[in-house]
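Enquirer:
Protein chains in written order, with my numbering: chain A, 22 to 498; chain B, 22 to 498.
1. Give me the subset of the segment 118–132 of chain A whose CB atoms are less than 7 Å from a CB atom of chain D, sorted by chain position.
2. From 96/A, 466/A and 408/A, pick the residue whose C-alpha is nearest to that of residue 206/B; which is it?
3. Out of curiosity, what's the CA-to-CA distance linking residue 40/B and residue 108/B?
4. What in chain A is Cβ-close to residue 180/B, meaning under 8 Å?
5. Cβ atoms of residue 244/B and residue 175/B: under 7 Å apart, would you say?
6. Taking 7 Å as the cut-off, decide whether the C-beta atoms of residue 204/B and residue 430/A are in contact.
7. As a quick exercise: from 121/A, 31/A, 476/A and 409/A, pick the residue whose alpha carbon is nearest that of residue 54/A.
8. Nearest-angstrom Cα distance between residue 162/B and residue 213/B?
9. Identify each residue in the segment 196–212 of chain A for which the Cβ-Cβ distance to at least one residue of chain B is less than 9 Å, and report them in chain order.
10. In three-state DSSP terms, what is residue 26/A?
11. Quick check on this structure: which residue in 34/A, 23/A and 51/A has the alpha carbon closest to the alpha carbon of residue 355/A?
12. Under 7 Å, Cβ to Cβ, is there at least one residue of chain B near residue 282/A?
13. With a cut-off of 7 Å, does the C-beta of residue 254/B fall near any C-beta of chain A?
14. Between which two residues does the beta strand (DSSP E) containing residue 400/A stretch?
15. With a CB to CB cut of under 8 Å and the five nearest residues on each side skipped, what residues in its chain are close to residue 6/B?
16. Taking residue 282/A as the reference, give the member of 438/A, 351/A and 104/A with the closest Cα.
17. Going by C-alpha to C-alpha distance, which of 383/A, 289/A, 56/A and 24/A sits closest to residue 102/A?
18. So, does the CB of residue 506/B fall closer than 7 Å to a CB anywhere in chain A?
19. Quick check: residue 234/A and residue 305/A, are their CB atoms within less than 7 Å of each other?
20. By Cβ distance, which residues of its chain are closer than 6 Å to residue 435/A, with the 5 residues on each side in sequence left out?
21. I'd like to know if residue 260/A contacts chain B, where contact means its C-beta is closer than 7 Å to some C-beta of that chain.
22. Quick check: is any heavy atom of the ligand NAP less than 6 Å from the C-beta of residue 194/A?
23. Specify the secondary structure class of residue 456/B as computed by DSSP and reduced to three states.
24. Mapping the DSSP letters down to three states, classify residue 444/B as helix, strand or coil.
25. Output the distance between the C-alpha atoms of residue 311/A and residue 302/A, rounded to the nearest integer angstrom.
26. At the level of alpha carbons, what is the spacing between residue 250/A and residue 125/B?
27. Residues in the same chain with beta-carbon distance under 8 Å from residue 190/B, minus the five sequence neighbours each way, listed in chain order, please.
28. Interface residues of chain B around residue 143/A at Cβ under 9 Å?
29. Under a three-way DSSP split, which group does residue 59/A fall into?
30. Hey, is residue 216/A's beta-carbon within less than 7 Å of any beta-carbon in chain B?
31. In terms of DSSP beta bridges, what is residue 88/A paired with?
32. Taking the alpha carbon of residue 58/B as the point to measure from, which residue in 375/B, 48/B and 261/B has its own alpha carbon closest?
33. Below 8 Å, can you find three or more Cβ-Cβ pairs linking the segment 150–160 of chain A to the segment 122–140 of chain A?
34. Compare the C-beta of residue 57/A against all C-beta atoms of chain B and say whether one is closer than 7 Å.
35. With respect to the alpha helix (DSSP H) encompassing residue 476/B, which residues constitute its N-terminal and C-terminal limits?
36. Can you grab the Cα-Cα spacing for the pair residue 45/B / residue 153/A, in whole Å?
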């Protein structure tokens with residue numbers, strides 16, 4: 022029986038697409054510099070058992086599997102492999118449980134953040150990871166360890182996924198973690214799978230930690246003369262204990278683009294605009310409106326003393342508009358023809374040094390590189406306009422190298438995917454890469470789970486991730 | 022050259038103990054039912070390079086290595102292996118950096134929590150993981166993913182270790198993570214090593230996330246008629262958004278023991294004492310004394326409405342005394358002849374069901390089982406009095422099985438160590454155990470790092486963890 026027939030036997034003909042029936046959407050994600058690949062088939066399992074059966078069959082045949090949630094990724098991690106099969110989780114999108122006594126939700130991977138949030142709001146609970154794209158799936162969030170603007174208060178996906186059910190590359194199903202924060206009972210397989218971009222296991226269920234949903238929010242906007250001054254203001258703001266939920270910076274050009282794209286006017290006087298090179302945006306939240314107002318006033322005073330040109334407490338609607346526009350910064354860049362994006366993370370105090378290096382490399386290569394980022398946690402989002410692919414490659418390489426030299430990492434939240442796999446292999450310690458390949462082999466001995474993503478870019482040969490070769494991990498010394 | 026001579030060549034004769042020079046302290050940790058083992062040698066490296074040289078030499082000779090911090094563990098994870106060598110980190114105890122701009126500290130593994138806290142206080146910063154034993158080392162905390170009473174607000178060690186330097190079982194040194202919270206740049210090796218109890222790598226450096234140090238604390242004590250009523254009160258307390266830093270319960274007998282042992286009188290009237298079967302202890306903290314007082318009042322009112330027999334806001338000193346006494350509950354049990362301890366974690370709402378099972382098994386085996394625990398996060402600490410080793414083994418087995426049946430895990434924070442390795446192997450999914458052994462082999466192909474801990478108890482044969490056998494991870498199907 023051919024592999025497509027095996028898939029049909031597992032999930033039913035209605036849930037297998039081949040040839041022309043394969044939708045264009047399933048051939049790529051949202052990575053700017055991505056190259057769509059038509060897979061051999063797209064299969065839409067409806068249960069964990071079906072996922073396990075697909076993986077077992079693929080293991081026997083040596084067929085690469087590319088897991089796919091909503092396809093909103095920005096690094097090409099769900100780009101299919103030629104001759105491979107896309108495993109789409111769109112049918113596995115149920116909320117299995119909202120447990121208000123333990124403050125957890127149990128969900129399937131195809132569920133979107135928007136759907137989850139709508140279901141939690143009536144319980145006055147929130148899943149606080151907002152990576153900026155509410156149509157993203159929870160499975161995709163787990164795969165990339167999604168972050169977003171609220172990470173400065175709440176941390177990232179890794180801090181909120183308490184347990185998973187997942188299918189290993191062997192087709193075996195494991196259940197790890199549970200409705201608890203604390204456990205030291207063998208290796209934490211949940212944490213190992215989070216952020217592994219579909220290369221270690223296919224997640225079929227996740228147990229998520231929920232938080233009380235704050236009722237009140239307020240947004241402060243402060244133009245600054247330099248990004249360095251913004252970076253210097255962050256430690257005292259965090260040290261104040263006010264605990265902001267967002268601490269963002271937006272550079273001059275990005276602010277213009279973001280507000281123009283969203284059609285909002287923040288009413289900043291021209292004389293301030295003329296000298297502001299960057300903007301600090303802070304959001305506070307609280308369960309108590311009076312305290313929130315007090316905190317906003319105290320913070321505004323503090324920021325004024327930290328070098329801000331002015332400080333505005335935005336009216337509710339303007340604040341929400343600005344945050345929403347900031348979340349759509351990627352789309353604004355895309356609409357304006359950006360060629361690629363970078364989301365290097367550095368220690369937050371090193372943001373100015375990193376941006377100095379960025380400016381220098383941008384000027385040297387006649388590229389436009391602008392952005393905004395998470396000032397509270399050092400995650401810098403840059404949009405790059407440089408049409409020449411080779412020049413762009415060198416530029417991205419240099420930006421990543423600069424970030425690494427400052428003690429940072431290549432990607433803060435978008436992931437390595439297929440787009441940056443070449444950079445990781447080039448820039449990462451070979452000892453760690455070898456270890457990661459041995460770990461990959463421990464979870465996925467046949468190398469069928471999302472090959473080409475993270476550290477084995479298309480075209481590389483002889484790695485533990487090659488498809489179809491059972492591998493060993495005897496160490497080299 | 023003999024192995025002891027190789028060790029001497031690496032670290033110098035002053036830092037290698039053999040034969041009678043080996044201190045009794047180095048033969049065991051604080052596990053109640055532990056059995057001291059005299060190692061072949063104790064070596065005290067002074068640098069990462071020395072640790073790496075020791076591991077390389079041990080790999081060649083097939084000598085098991087047992088890492089040791091302060092020896093305050095409660096599960097026997099640093100019990101030496103006969104014929105093996107203890108690697109003591111007592112000389113590697115420096116604070117390498119307190120970075121106030123990024124709010125991180127970089128430390129060596131032998132540093133104690135008390136030493137770190139004393140150094141951070143002048144900076145108004147705190148490393149918020151307080152497992153209850155301030156002489157514990159940071160390396161030990163990383164190895165066990167230490168938790169403690171503040172986990173309900175701050176999470177556990179896993180949430181605060183941003184990066185590590187570590188020596189793999191191959192003797193290779195890796196550096197993972199850094200001074201940032203967000204990263205998706207290959208597998209998170211930091212998270213993999215945390216909680217692995219010294220079986221995957223020897224941690225030689227850790228980058229720790231710090232928080233602003235709250236100035237004000239207040240303690241609420243509420244006697245309740247049942248533990249069930251306490252458990253039911255937790256979700257509304259957490260949902261209130263007040264964000265307590267501790268939410269503990271203490272059972273009747275433990276409260277008597279804890280207070281008697283510490284010589285404190287909380288002044289609870291006899292008529293309340295007569296009907297209180299358990300006590301809820303909540304600690305709030307804030308940077309603002311007025312708000313703290315308001316919160317304490319609001320919370321006291323809320324707790325009174327949730328079934329408490331009474332609510333006391335303790336004077337500062339009494340509150341600190343009670344918390345300190347609670348932290349020493351283990352020592353109170355030990356002083357009173359407890360035979361063993363258990364720290365099962367269950368979903369917090371399942372604490373009453375778990376304790377019902379505990380009572381039933383205790384009665385059926387004529388054992389005394391009492392305790393206290395982290396009501397906010399489901400981590401139950403039980404002291405067990407049952408002198409017969411076989412009966413005790415069956416009792417512990419049944420308690421763990423009950424916890425697992427409720428969706429919990431064997432250990433919330435003490436770890437599996439050598440003491441509970443037999444239980445893990447018996448009770449855990451064999452598919453996960455096989456996966457963990459393959460992961461172990463990826464980090465430690467010669468099986469020299471802390472063998473016997475976690476999943477390969479002494480006496481088990483033919484596992485990937487056996488000492489001296491290079492292993493493969495070809496999957497079984």
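For each residue, glycine too, the CB sits at the ideal point set by N, CA and C.
Fair warning: this is a prediction, and the values are worked out from it, not measured in the lab.
Expert: Judging by the given coordinates:
1. Any reference to chain D falls outside this structure, whose protein chains are A and B.
2. 96/A
3. 15 Å
4. Those are 176 and 180, listed as they occur along chain A.
5. The criterion of a C-beta distance shorter than 7 Å is not satisfied by residue 175/B and residue 244/B.
6. yes
7. For the set 121/A, 31/A, 476/A and 409/A, the Cα lying nearest the Cα of residue 54/A is the one of 409/A.
8. 14 Å
9. Going along the segment 196–212 of chain A in chain order, one finds 196, 197, 198, 199, 200, 201, 202, 203, 204, 205, 206, 207, 208, 209, 210 and 212 with a Cβ nearer than 9 Å to chain B.
10. helix
11. 51/A
12. no
13. Chain A contact via Cβ: absent.
14. First-last of the beta strand (DSSP E) with residue 400/A: 400–406.
15. There is simply no residue 6/B to check, as chain B begins at 22 and stops at 498 in what is shown.
16. 351/A
17. 56/A
18. Because chain B here runs from 22 to 498, residue 506/B falls outside it and cannot be looked at.
19. no
20. 95, 96 and 364
21. yes
22. Ligands in the displayed structure: none, and consequently the ligand NAP is not present.
23. helix
24. helix
25. 21 Å
26. 20 Å
27. 76, 80, 221, 222, 464, 465, 466, 467, 468, 469 and 470
28. The contact set of residue 143/A on chain B, defined by CB atoms closer than 9 Å, is empty, because the minimum CB distance reaches about 13 Å.
29. coil
30. Interface flag for residue 216/A against chain B is set, since a Cβ pair is found closer than 7 Å.
31. In the DSSP assignment, the residues bridged to residue 88/A are 108/A.
32. 48/B
33. Three or more Cβ pairs drawn from the segment 150–160 of chain A and the segment 122–140 of chain A lie within less than 8 Å of each other, which places the two stretches in contact.
34. no
35. Here residue 476/B belongs to no alpha helix (DSSP H), and DSSP marks it neither H nor E.
36. 57 Å
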